[in-house]
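**Q** The structure is given below, and queries will be raised subsequently.
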Amino acid sequence: MSHKVAFSFADGKTLFFDVRPNELLLDAALRSGVNIPLDCREGVCGTCQGRCESGSYSQDYVDEEALSADDLAERKMLSCQTRVQSDASFYFDFDSTLCHAGGTSLVSANVAGVQQVSETTAILHLDASAHPRRLDFLPGQYARLQVPGTDACRSYSFANRPNDGNQLQFLIRLLPDGAMSNYIRERCQPGQTIAFEAPLGAFYLRQVERPLIMVAGGTGLSAFLGMLDELAEQGGCGQPVRLYYGVSNARDLCELDRLAAYAERIANFSVEIVVMNPSPEWDGKTGLIPEHLDRRFLEANPFDMYLCGPPPMVEAIKQWLAEQRIDGSRLFYEKFSDSNTNR
Ligand code: FES
């Protein structure tokens, strides 16, 4: 059985290819046109090194000059000596351009529908089944969509996992006056064509080996819906998974049934909802997310934390972690502005 492998790079590009049973990763990459820099091909020079972010793998030979015991403990690996035993993803600390490969796909999809999921939020469903192959991306990555009838492009995180039918979802905040918001409100019809570029971004779910803390601000939830879809598909990850979902107003909240359903499929999954400006009827948590983080738990357990939301939210959490002197954690984050033009 072959395995699907993703190579992601410092420039945010990700390349996907198949690895045949027992095939060396380097051979599979070269066969697929991903020309990883290399020199010795014998596990000695270290030129082809990367780091495994998820999946299981083994290495034939690793010279101690190439990778130290500490490197190996950090899951650093040599492409020329690595064989995978599952689907896997690897990170390389150089730009994809060094591999002389394209990386992203330009895709033409059709609008399958728009679902208003809160007063301020919609899910855009795209059907990219006409694309000649499965559209691969890592849960958490995003696509850059061209707004039909305009020159404007907007970036949105995938709100579901990759699938054979190329049925895609994007959670979109409806602004009073925004290029995509206006299109969705005023002109969007099923069957219309939307072009997009994907996959993009270095914000994606790594191998889960420690408690997983997800912090979503507003439609930053989109990236986590993709990750949670993936974890649900796998039947969990063997670690506690806690999602903090913060919104400005309760009317922004969406996909609560879907979040509740994840608890049925992902063991030890919980959600904390925090509303910044509560109405009198709101009887849940209020204020800012850092006020509700479980300091004792975080101090006692090394964890992986993923943040996706507006820059002030990301900065507030980073500052809180620094002030509490909580370390030993891994932090991954993605900031976006309301118009989603900058990532
Ligand atoms: S090419 Fe030298 S270690 Fe892989």
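998 is the number of the first residue of the sequence shown in our numbering; add one for each residue after it.
The beta-carbon is built from N, C-alpha and C at its ideal position, and this holds for glycine as well.
If you're wondering where the values come from, they're calculated on a predicted model, not measured in any experiment.
Would you tell me roughly how many angstroms separate the C-alpha atoms of phenylalanine 1014 and glutamine 1082, rounded to the nearest one?
**A** Position 17 of the sequence shown, counted from the start, is the residue given in the question as residue 1014. Position 85 of the sequence shown, counted from the start, is the residue given in the question as residue 1082. Going from the Cα of phenylalanine 1014 to the Cα of glutamine 1082 covers about 15 Å.
**Q** My understanding is that alanine 1119 touches isoleucine 1191, with C-beta atoms under 8 Å, so please give their C-beta distance in whole angstroms.
**A** For this step, residue 1119 is matched to residue 122 along the sequence shown. For this step, residue 1191 is matched to residue 194 along the sequence shown. Incorrect: roughly 14 Å between the Cβ atoms, too far for contact.
**Q** Cβ of glycine 1047 versus every heavy atom of the ligand FES: is any distance shorter than 7 Å?
**A** Your numbering for residue 1047 matches position 50 in the sequence shown. Not so, every heavy atom of the ligand FES lies at least 7 Å from the Cβ.
**Q** Are there 16 or more other CB atoms within 10 angstroms of the CB of arginine 1248, so buried, or fewer, so exposed?
**A** One-based indexing of the sequence shown puts residue 1248 at position 251. Under this definition arginine 1248 is an exposed residue.
**Q** Going by the DSSP bridge assignment, what does alanine 1240 pair with across the sheet?
**A** On the sequence shown, residue 1240 is found 243 positions in, with the first residue counted as 1. Correcting the residue identity first, residue 1240 is leucine in this sequence and not alanine. Leucine 1240 is bridged to Met1211, Val1268.
**Q** Let me know the beta strand (DSSP E) ranges lying completely inside the segment 1067-1107, each 3 residues or longer, listed in chain order.
**A** Whole beta strand (DSSP E) segments, 3+ residues: 1073-1075, 1079-1081, 1085-1089.
**Q** Could you have a look at leucine 1064 and say whether DSSP puts it in helix, strand or coil?
**A** Locating residue 1064 in the sequence shown gives position 67, counting from the first residue. Here leucine 1064 sits in coil by DSSP.
**Q** Between serine 1076 and the ligand FES, is the CB less than 7 Å from at least one heavy atom?
**A** Along the sequence shown, read from residue 1 onward, the residue named residue 1076 stands at position 79. Correct: serine 1076 has its Cβ closer than 7 Å to the ligand FES.
**Q** Which residue comes first and which comes last in the alpha helix (DSSP H) that contains serine 1178?
**A** Position 181 of the sequence shown, counted from the start, is the residue given in the question as residue 1178. Segment 1176-1179, the alpha helix (DSSP H) holding serine 1178.
**Q** Cβ of cysteine 1096 within 7 Å of any heavy atom in the ligand FES?
**A** What you label residue 1096 is simply residue 99 of the sequence shown in a count that begins at 1. No, the beta carbon of cysteine 1096 sits no closer than 7 Å to any heavy atom of the ligand FES.
**Q** Suppose the cutoff is 8 Å on Cβ atoms and the five residues either side in sequence are ignored; what does the same chain contact list for alanine 1003 look like?
**A** Within the sequence shown, numbered from 1, the residue matching residue 1003 stands at position 6. Excluding positions up to five away in sequence, the list reads Thr1011, Leu1012, Phe1013, Ala1085, Ser1086, Phe1087, Asp1133, Leu1135.
**Q** List the whole-angstrom C-beta distance separating cysteine 1046 from leucine 1064, where the pair is believed to meet the contact cut-off of C-beta under 8 Å.
**A** Mapped onto the sequence shown, residue 1046 falls at position 49. Mapped onto the sequence shown, residue 1064 falls at position 67. Sequence inspection shows glutamine at residue 1046; the cysteine mentioned does not correspond to that position. So it is a contact: roughly 7 Å between Cβ atoms.
**Q** Please classify tyrosine 1303: does DSSP put it in a helix, a strand, or coil?
**A** Within the sequence shown, the letter at position 306 stands for residue 1303. Strand.
**Q** Only counting the same chain, and skipping five residues up and downstream in sequence, which positions put a Cβ closer than 8 Å to that of glutamine 1321?
**A** Locating residue 1321 in the sequence shown gives position 324, where the first residue counts as 1. Arg1292, Leu1295, Glu1296.
**Q** When the Cα of arginine 1182 is compared with those of Tyr1153, Gly1110, Leu1027, which residue comes out closest?
**A** Counting from one through the sequence shown, the residue named residue 1182 turns up at place 185. Out of Tyr1153, Gly1110, Leu1027, Gly1110 has the C-alpha closest to the C-alpha of arginine 1182.
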